[in-house]
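Protein chains in written order, with our numbering: chain A, 1 to 480; chain B, 481 to 848; chain C, 849 to 938.
For reference, the structure discussed in these notes is given below.
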Amino acid sequence: MNNNHKVSVWEPPFIQPHRVGAINKFGNRGAKENVMREIFGVSIDDLVDQFGSPVFVTSEHQLRMNVRKIRRVFERRYNQVIHGWSYKTNYTGAICRILHQEGSWAEVVSAFEYEKARSLGVPGNRIIFNGPHKSKAILERAIAEGAYLQADHMDELKMIEQIASEQDRIVKIGIRINFDTGFTEPWSRFGFNLESGQANEAVKRISMSPHVRLTGLHSHIGTFIMEPRAYGEQVKTMCRFMRDLDDIDHINIDTLDIGGGFPSKNALQRVYLPPDQAVPDINEYADAVCDALVEETRYLEQSGRALPRLIIESGRAIVDDAQVLITSVVGTKRLPDGRRAAILDAGTNLLFTSYWYNHQVQMTREPGGVYEDTVLYGPLCMNIDVVRQSIQMPPLVYGDRLVVSPVGAYNNTQWLQFIEYRPNVVLVHEDTNVSVIRRAENLAVMNAQDEMPAHLSYRTMADEGSLPSGKTTREHLIRR
Amino acid sequence: MGMEPRIVQDWRRWNVAVTGVNAHVESPGPGCAVARCLRECADFKGTVIGLGYDVLDAGLYARDYCHGGYLVPYPSAGKEVLLERILQIHEIERLDAIIPCLDAEIQNFIAIKGELARLGIRMLLPNRMQFLLRAKDHLGAFCQSVDVLAPESRTITNPAFFETCEAEGWEYPFVVKGIFYDAGIAHTAAEARLIFNRLVNTWGYPVLVQKLIRGDEFNLSAIGDGKGGLHGAVMMRKRGLTEKGKAWAGVTVVDKDILEMASKLVKGLSWCGPLEVEVMKGHDGKIYLIEINPRFPAWIYLSHAAGRNLPVALIRTLAGETDLQLPEARSGTFFIRYAQEIIVELPQFESMMIDGGIPSVETLLNAS
Amino acid sequence: MIEKMDTLLQRICVDGRLAKLAVSETGFIFDPQTGQSFTLNQTGLLALDLLKRGNSLEMTAQYMSDEYEVTMDVASSSLEAFLYQLGRYL
Ligand SMILES: Cc1ncc(COP(=O)(O)O)c(C=O)c1O
């Protein structure tokens, strides 16, 4: 039963007192066949030898499969579906390119994201421009280039109106609305609230303008929504509002954008069951959305009118499992409370999502020794830099490589340049060749944005005589 | 794996594993009661193996109920790990059937049902859809669809609800419930927050709130055949409640309204496997469905006493018997739950701590 | 430092405290005086076994360093930490 004796991995001697409550040596065990030597068909050791550690590894194949699947699943149930690739989820250029090749539009929420999409060759009329902050300059450009704008607040509406009249055009826009689905916490800070009448006010305002025309409704009910029925309610509410606009104001809506928010198979903290069981299949979401959509637009179909096109802005569900992070153990410890701990070369600086996920962490060699509750720390000098608070791991040793997954959503964008350089991001092509898609930072990158005022521009303390007063550096410092 | 499935047709000689063998005084799991039903059936000559989640789960050592006992991974560890562990246990015990007894683990067992069946290990379980339809956060919609009354409820993830709820028609007191287990009655926002936090810490999100129905509580247990039929109903009226609202005393009853409601539910779900239907007979005379639990209840020993041993009926069903010919359940049979200590010797405790199990052969050898 | 360690070792050995611990080859320990049970990892089991047999700290560290192919430094410093830990629990 107990095979510890054959294992000769050195671990400092340790005695663990048994505490009452939840003693179960099998309790939180990870699966045994959890050893990964390859990722996306490429040897992990080769990847680290070539690109260093840590390194983000992205799969072109997985990414393409994911976006094709989501489109297929929705198109099977509804005729006109557009996927807007939510840039904020991961705007590494190559990743965006792959998705645009697959036919996805760009969904952007800032001047930077807009410019990035344009620089990647996305035409203005395939950009969906959302978000609460769109500066005048970028709005001018976006309007001139025919981007599809969805307005977030009244000041923005006014600005769009002003620009449209300056450019003397009629701009078709959507507005973002928010409401309670009954299943999710309402994100009421974005867009115009439906229940309080704000949305109607916005509609009135738009109908008074000769330069702006309302043609679309947008809402994004949140992210990692584990309840498909929330989407059914969302679509129902949006369609009913659309119908009211049609009946009362004779406004014809041709675009319904339901935002993103479909979950990936990641383990959200404070969800009891593992994602396999807790996260519904994408088909259940498509059913909820399209059943409601077909039902609520039947009146259009019956009178022979065109149905609105459906935009989905799914981010997480498309890119999350297409990327992993390889990280290395740089030190191990026993904490005073008896738990094992390991320090990794990647922490919350690179894995911002560790704050809300329990990422899967896998060994890359045959484990030896007893599994124990272990804490995985990152390299930062910051107490909250924890990759996993508690995970069952065999004894780890310096240099062990671990695979953290899935990490494709929101890490390459929300990572912090804090204390450490950010590492290489690589792409495994469909033929399993590998290339860098975002180079690791180095000192030159870090210093490139620094500017040095003239009076600070001497280089070192040894640059004697270069101080304005003619004093040497050392004297200068001593005087202070 | 490489193990030939060992198909034993005669259920009387089966090795049956039972989960949920914790027997905490406040809130015992159903496992020990299920095991006891099997052991006290005169025809049953097989072994019963307790599967537990903590070295202090009494059923792991209670030799009157379980011949052997093993620790298994927490449901939150997922299905692969569970399968791995069950296979280890199967190698020692050669299991013929498993009766899962805890809500949180059922989805994992559903997910590995096929693999286990190939090894000759049988389980009577609903499919995933049936399981989800009756989950607490779907129950309201399901009840509407089959025309059954249920107290209004909703899921919440943000405790700010407790400050604003009265404006939305949620007057205190109401019930705050965990997604799998545990509940409390909140009389104030502060109390509601306390319960909410306790539930989230153990069972995670979401949490449910349910309007309070005042009346008498009745429970029904039975087996669904997966084709819409309900078999072997046993009904119980709670007569004594613990602080947590668990029954510590109850009595069998026969109530055709409750049976009718349960039959509707089982039919609507095409439920397959054991279940417990919890209802409240309101002071308004109406019957409200409170919960459908996907397993036998902790009071299931009463079924044996009332003449309808449901765990035995379950394994007979698993063995392929279709006509169980169960006698009517006798009404007026009481149970009173009491606590009692079992003795655990150091070596047994050590085996559980270090190896995570005690094989049944040890018990069988000691007995012979 | 070694001096202080030796006193600690002596204290733990008073009244045969160390000897009275029920130590199983599985790493399970039971302290009959406090009712507390513990688990030892494999190196801990080896260290405790050697100490119970009356080996000095130095000899114990030497043995462990040989067995696990770690330097004497590593072995004796972690043995020290282990002894402090025992001191806290016993
Ligand atoms: C407007 C909008 N659309 C789409 C998304 C993408 O969401 P997800 O990655 O959850 O699909 C977001 C994310 O916050 C968003 O704000």
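From the three backbone atoms N, C-alpha and C, an ideal C-beta is built for every residue, glycine too.
For B:W728, the three-state secondary structure derived from DSSP is strand. Under DSSP, the beta-bridge partners assigned to B:R717 are B:F698 and B:V731.
For A:H83, the enclosing beta strand (DSSP E) covers residues V81 to S86. When DSSP reads this structure, B:Y661 sits in no beta bridge, so it has no partner.
The beta carbon of A:K204 sits closer than 6 Å to no other beta carbon from its chain once the five residues preceding and following it are set aside. Runs of the alpha helix (DSSP H) spanning 4 or more residues and lying entirely within the region 756–839 of chain B occur at 781–785, 790–798 and 826–830, in chain order. Burial check for B:A621: the Cβ neighbour count within 10 Å stays below 16, so the residue is exposed. Residue range W105 to V108 is occupied by the beta strand (DSSP E) that includes A:W105. Relative to the Cα of A:L268, the nearest Cα in the group A:D400, A:T353 and A:I419 belongs to A:T353. Residues of chain A with a Cβ closer than 8 Å to the Cβ of B:I659 are, in chain order, Y272. Contiguous alpha helix (DSSP H) elements confined to the region 199–271 of chain A occur at 228–244, taking only those with 4 or more residues.
Judged by DSSP secondary structure, A:V407 falls outside any beta strand (DSSP E); it is assigned neither H nor E. Under the 9 Å criterion on CB atoms, A:W415 is classed as non-interfacial with respect to chain C. Chain-ordered, the chain C residues with CB closer than 7 Å to the CB of A:Q16 read F886 and T887.
Proximity of chain B to A:N178 at the Cβ level (cut-off 7 Å) is not reached, the minimal Cβ distance being about 15 Å. Those residues of the region 884–916 of chain C placed with their C-beta closer than 9 Å to a C-beta in chain A are Q884, S885, F886, T887, L888, N889, Q890, T891, G892, L893, L894, A895, L896, M912, E915 and Y916, ordered along the chain.
Collapsing the DSSP output to three states places A:E185 in coil.
Between the alpha carbons of A:N90 and B:G658 lies a gap of roughly 35 Å. Between the alpha carbons of B:F660 and A:K333 lies a distance of about 36 Å.
Under DSSP, B:H711 shares a beta bridge with B:I703. One finds E830, S831, M833, I834 and D835 in chain B with Cβ atoms closer than 9 Å to the Cβ of C:T874, taken in chain order. In its chain, beyond the 5 residues on either side, T499, G500, I586, F589, M603, L605 and R775 have a beta carbon closer than 8 Å to the beta carbon of B:P580.
With a minimum length of 4 residues, the unbroken runs of alpha helix (DSSP H) contained wholly in the region 494–557 of chain B fall at 511–519. Here B:I795 has W491, W494, V496 and A577 as same chain residues with Cβ atoms under 7 Å from its own Cβ, once five neighbours each way along the sequence are excluded. Here the alpha carbons of A:I311 and A:P263 stand approximately 17 Å from one another.
Near ligand 1, meaning a Cβ closer than 5 Å to any of its heavy atoms, lie the following residues in chain order: A:S86, A:T89, A:N130, A:H220, A:T223, A:G259, A:G260, A:G261, A:E313, A:S314, A:G315 and A:R316. Put simply, the backbone Cα of A:D276 is about 7 Å away from that of A:K265. Using a Cβ-Cβ cut-off of 9 Å, B:L536 does not count as an interface residue toward chain C, since no Cβ of chain C sits closer than that to its own.
In the DSSP secondary-structure assignment, A:I391 is bridged to A:T374. In this structure, A:V319 keeps its C-beta atom at 9 Å or more from the C-beta atom of A:I23. About 14 Å separates the CB atoms of A:L63 and A:I39; that is not less than 8 Å, and the two are not in contact. Residues of the same chain with a CB within less than 6 Å of the CB of A:V289, apart from the 5 flanking positions on each side, are Y231 and V235 in chain order. Under DSSP, A:S435 takes part in a beta bridge, and its partners are A:L427.
If you compare the alpha carbons of A:G368, A:S405 and A:F418 with that of A:V397, the shortest gap goes to A:G368. Chain C has a Cβ within less than 9 Å of the Cβ of B:L826. Taking C-beta separations shorter than 8 Å and ignoring five residues to either side along the sequence, the partners of B:L782 in its chain run V714, M716, G730, T732, T813 and F815, following chain order.
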